[in-house]
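Q: Protein chains in written order, with our numbering: chain D, 1 to 107; chain U, 108 to 219.
Even glycine gets a Cβ: it sits at the ideal position worked out from N, Cα and C.
Remember, predicted model here, so these are calculated numbers, not experimental data.
Before anything else, here's the structure in question.
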């Protein structure tokens, strides 16, 4: 089945810094989602982005489907950005998740 | 917020007891899913439903059963809980367009 790999696995930032998270997938997909799991465990939808670029405030995402990767950009990070960021692609009726990037933003 | 609630939110039970988790949605979505989340494994699909009384197995379905007698409710049952089923369980729905999924708040289950 399709494999999803995220990098880096862990990231520590100072508040105000920018970061780029990467998601690679092993086969062609027709959509991709980014989620933020906050420290309370809630999974929050960030982007549904089959291709191209989308922006939402300080966050933006780009998916290059032909090259099988997606990037999530976080600018001017805040402590509330801490948590785990997952990307996920469709499998056999479900979503296949990467193992996530754990982000810690220090004040 | 996709109108998804899960109950209970936390449960502690003993090995061998039956447990039922409930997922409730308010927006009439056809597809509903149960995932479990464990350290080192991410989220894995247990079962899903594509309509009332229509369900199918996922990657980690052993030891679990599901039922969907009405559109808004999707139940996950552990017939005889084991310690390996200690996990966080998430319910999800899929919107009608594309395959975007939204998740409920999760249920933390501990089997002693």
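#1: Would you list the residues sitting across from residue 114 of chain U in a DSSP beta bridge?
#2: Please return the same chain residues whose Cβ sits closer than 7 angstroms to the Cβ of residue 8 of chain D, not counting the five positions on each side in sequence.
#3: Please list, in chain order, all residues of the same chain as residue 220 of chain U whose beta carbon is under 7 angstroms from its beta carbon, the five residues on each side excluded.
#4: Please name the residue in D:50, D:91 and D:84 whose C-alpha comes closest to that of residue 64 of chain D.
#5: Mind pulling the chain D residues with CB within less than 7 angstroms of residue 210 of chain U?
#6: Establish whether the CB of residue 195 of chain U and some CB of chain D are separated by less than 9 angstroms.
#7: What separation, rounded to the nearest whole angstrom, lies between the Cα atoms of residue 182 of chain U and residue 17 of chain D?
#8: With which residues is residue 62 of chain D paired in a DSSP beta bridge?
#9: Just curious, the beta strand (DSSP E) that residue 88 of chain D is in, first and last residue?
#10: Is there at least one Cβ from chain U nearer than 9 angstroms to residue 48 of chain D's Cβ?
#11: Please confirm if residue 213 of chain U has its CB atom under 9 angstroms from at least one CB of chain D.
#12: Quick one: which chain D residues come within Cβ less than 9 angstroms of residue 134 of chain U?
#13: Give me the subset of the segment 130 to 154 of chain U whose CB atoms are less than 9 angstroms from a CB atom of chain D, sorted by chain position.
#14: Just the Cα atoms here: how many angstroms apart are residue 31 of chain D and residue 48 of chain D?
A: With the given structure in hand:
#1: Here residue 114 of chain U refers to the residue found at position 7 when the second chain is read from its first residue. According to DSSP, residue 114 of chain U bridges with U:129.
#2: Residue numbering aside, residue 8 of chain D sits at position 8 when the first chain is read from its first letter. These residues qualify, in order along the chain: 101.
#3: Past the edges of chain U, shown from 108 to 219, lies residue 220 of chain U, and the structure says nothing about it.
#4: Looking up residue 64 of chain D in the first chain gives position 64. Answer by Cα proximity: D:50.
#5: Translated into the one-based positions of the second chain, residue 210 of chain U becomes position 103. Chain D residues near residue 210 of chain U: 43.
#6: As a first step, residue 195 of chain U is located in the second chain; it is residue number 88 there, counting from the start. Yes, contact with chain D.
#7: The residue given as residue 182 of chain U occupies position 75 in the second chain. The residue given as residue 17 of chain D occupies position 17 in the first chain. For residue 182 of chain U and residue 17 of chain D, the distance between alpha carbons rounds to 43 angstroms.
#8: Position 62 of the first chain, counting from 1, holds the residue named residue 62 of chain D. Per DSSP, D:53 and D:71.
#9: Translated into positions along the first chain, residue 88 of chain D becomes position 88. Run containing residue 88 of chain D: 83 to 90, per the beta strand (DSSP E) assignment.
#10: For the purposes of this step, residue 48 of chain D is taken as the residue at position 48 of the first chain. With 9 angstroms as the cut-off, residue 48 of chain D counts as an interface residue toward chain U.
#11: Counted from its first residue, the second chain places residue 213 of chain U at position 106. Closer than 9 angstroms: yes.
#12: Position 27 of the second chain, counted from the first residue, corresponds to residue 134 of chain U. The premise fails here: residue 134 of chain U is roughly 14 angstroms from chain D at the closest Cβ pair, so nothing lies under 9 angstroms.
#13: For the segment 130 to 154 of chain U, the residues whose beta carbon sits under 9 angstroms from a beta carbon of chain D are, in order, 138, 140, 142, 144, 147, 148, 149, 150, 151 and 152.
#14: Here residue 31 of chain D corresponds to residue number 31 of the first chain, with the count starting at 1. Here residue 48 of chain D corresponds to residue number 48 of the first chain, with the count starting at 1. Computed Cα separation, rounded: 7 angstroms.
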